[in-house]
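Residue numbers (the working numbering): 140 to 614. Here's the structure we're looking at; comments come further down.
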Ligand SMILES: Nc1ncnc2c1ncn2[C@@H]1O[C@H](COP(=O)(O)OP(=O)(O)OP(=O)(O)O)[C@@H](O)[C@H]1O
Ligand SMILES: [Mg+2]
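Structure below.
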């Protein structure tokens, strides 16, 4: 498959992309028509519900590729939308609403609209890019061999891939929210691709030329996190020798991804709430408010609702953040993505920079399809990387596929350890270390690994540091 659909000059067949403008306001139709024709689109107009249906169902080249549909015409736009869907019209419908109202937007999307735009339009570019986007997206969904969600600006190897209906829904939501400045919470288990989705949203937004700053809220102590996020004034604390800008200032007109937001302290939660409400904050040790324009995205693999119920997370902040939630399902619920992910990772992880992509037997893929992937896509990527190394970049067979902690070598050989004089404590320590190593392998941070094991981070660090008096053999 090629690297994308060229829609500069029109549709895939080389003809101009054909847009139907359905609106009863003839001035609006005329001005939109002029702008769209200037862009190189072909335009037809409809001024009533009945005319819209007639034009949308036209045959051959007269059939529109994308429909712009007014929410309120002589008849209710939603009922026109319903009729279009009932008639099996595949052209994506973009609803135009006079009042950009969340409820209408939701109804439109639930009714099968691909997207919605509030009138009056800020600028025609927004309309043009929405049309292009929905056209590309519709092509993408229709195409049988189309398996990649294309990001033109991003390196091939860093692309997000997915064919499962669940991932198509995720991609669709990404397309919908990318051009907005809405706060977004991305949820899902470890390794499902939350960070990648945040990057994708940023890459598709109008802010893409400004930075996306990513910070893990669980990885640093509160005071450091505060000064990283909000900066500090000279002399704010011992060692603060000069004024320092925080990430929120650096990300001005860009975006920030707060990873593992559930780990934020109450003090920082309050400060973040203020940024979301008033777009301003004070640097540590400062009194002057700093104003910023930053799009906030957050990621969490925790149930934040539960954290709210338990009083660990502010409810008002929760509602501020959860404007849009993008949930990425675990890999075991979308096993259909595995073959595509495998070929993607074989392309990405060559044995050497000049090697061709390794190949894989059907039996090996079958083996991958039987695993339940607690570490999700990250685990799959690791398994493939290991298999490429073991097969020396040639053909990957079942023998090259092993699943981390569950593979046989992770099991302690108790019999020979006892014969060699190990004590119970030594055995238990070995098992503990194995479990910790496995949890670290499956988790993005030590904090997550500790959570997985049901211990505190300190306990994890202590156990990691335990010196074995005698090495216990593992099978
Ligand atoms: N759909 C996908 N297509 C291609 N690569 C993917 C996909 N999903 C995840 N990956 C890969 O899996 C790895 C984990 O993804 P990512 O870091 O985005 O997960 P995460 O959900 O943020 O994990 P964590 O909760 O542990 O932080 C990355 O290396 C990424 O390249
Ligand atoms: Mg992450």
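The beta-carbon is built from N, C-alpha and C at its ideal position, and this holds for glycine as well.
- Item | Sequence-distant residues of its chain with Cβ nearer than 8 Å to residue 624 (five each side left out) | This structure cannot speak to residue 624, because the chain is shown only from 140 to 614.
- Task: Take every Cβ of the segment 374-382, pair it with every Cβ of the segment 390-406, and state whether three or more of those distances are shorter than 8 Å.
- Result: no
- Query: What do you reckon, is the C-beta of residue 335 under 7 Å from a heavy atom of ligand 1?
  - Reply: yes
- Going by the C-beta, is residue 587 closer than 7 Å to any heavy atom of ligand 1? True, at least one ligand heavy atom lies under 7 Å from that Cβ.
- Item | Cβ-heavy atom distance, residue 442 to ligand 1, below 7 Å | no
- Message: On the criterion of 16 or more Cβ atoms from any shown chain inside 10 Å, does residue 173 qualify as buried, or is it exposed?
- Response: Exposed, by the Cβ-count rule.
- Message: Closest to residue 498 by C-alpha separation, out of 468, 509, 531, would be which residue?
- Response: Comparing alpha carbon positions, the residue from 468, 509, 531 closest to residue 498 is 531.
- Indicate the three-state DSSP secondary structure (helix, strand or coil) for residue 418 in the structure shown. coil
- Message: Restricting to runs no shorter than 4 residues, where is the alpha helix (DSSP H) found entirely within the segment 498-544?
- Response: 501-509, 515-529
- Item | 4-residue-minimum alpha helix (DSSP H) runs that sit fully inside the segment 339-377, ordered along the chain | Counting only unbroken stretches of 4 or more residues, the alpha helix (DSSP H) elements lying wholly within the segment 339-377 are 361-369, in sequence order.
- Closer than 6 Å by C-beta to residue 178: which residues in its own chain qualify, once you throw out the five before and the five after it? Chain order, please. 267
- Apply the 10 Å Cβ neighbour rule to residue 488 and answer buried if 16 or more other Cβ atoms are within range, or exposed otherwise. Label assigned to residue 488: buried.
- Message: Taking only three categories from DSSP, how would you classify residue 292?
- Response: Interpretation of residue 292 is limited by its pLDDT of 36, a score under 50 that renders its predicted location unreliable; the figure taken from the coordinates is listed afterwards. Coil.
- Just the C-alpha distance for residue 365 and residue 468, rounded to the nearest angstrom, thanks. 31 Å
- Query: Which residues bound the alpha helix (DSSP H) around residue 483?
  - Reply: 477-487
- Sorted by chain position, which residues of the same chain lie with C-beta nearer than 8 Å to residue 415's C-beta, five sequence neighbours on each side aside? 322, 435, 456, 459, 460
- Could you tell me whether the Cβ atoms of residue 332 and residue 299 are closer together than 8 Å? yes
- Query: If you draw a straight line from the C-alpha of residue 503 to the C-alpha of residue 520, how long is it?
  - Reply: So the two alpha carbons sit approximately 14 Å from each other.
- Query: Any heavy atom of ligand 4 closer than 7 Å to the Cβ of residue 398?
  - Reply: Questions concerning ligand 4 fall outside what the structure shown contains, since the ligands it does hold are ligand 1 and ligand 2.
- Item | Identity of the residues DSSP links to residue 435 by a beta bridge | In DSSP, residue 435 forms a bridge with 395.
- Message: Can you tell me whether residue 438 sits near ligand 2, meaning its C-beta is under 7 Å from at least one heavy atom of the ligand?
- Response: yes
- Item | Contact under 8 Å by Cβ, residue 163 with residue 213 | yes
- From residue 581 to residue 408, what does the alpha carbon distance come to, in whole angstroms? Per the coordinates, the alpha-carbon of residue 581 lies some 28 Å from the alpha-carbon of residue 408.
- Task: Can you check DSSP and say which residues form a bridge with residue 159?
- Result: When DSSP reads this structure, residue 159 sits in a beta bridge with 183, 206.
- Taking the Cβ atom as the reference point for each residue, do residue 243 and residue 208 lie within a distance shorter than 8 Å? no
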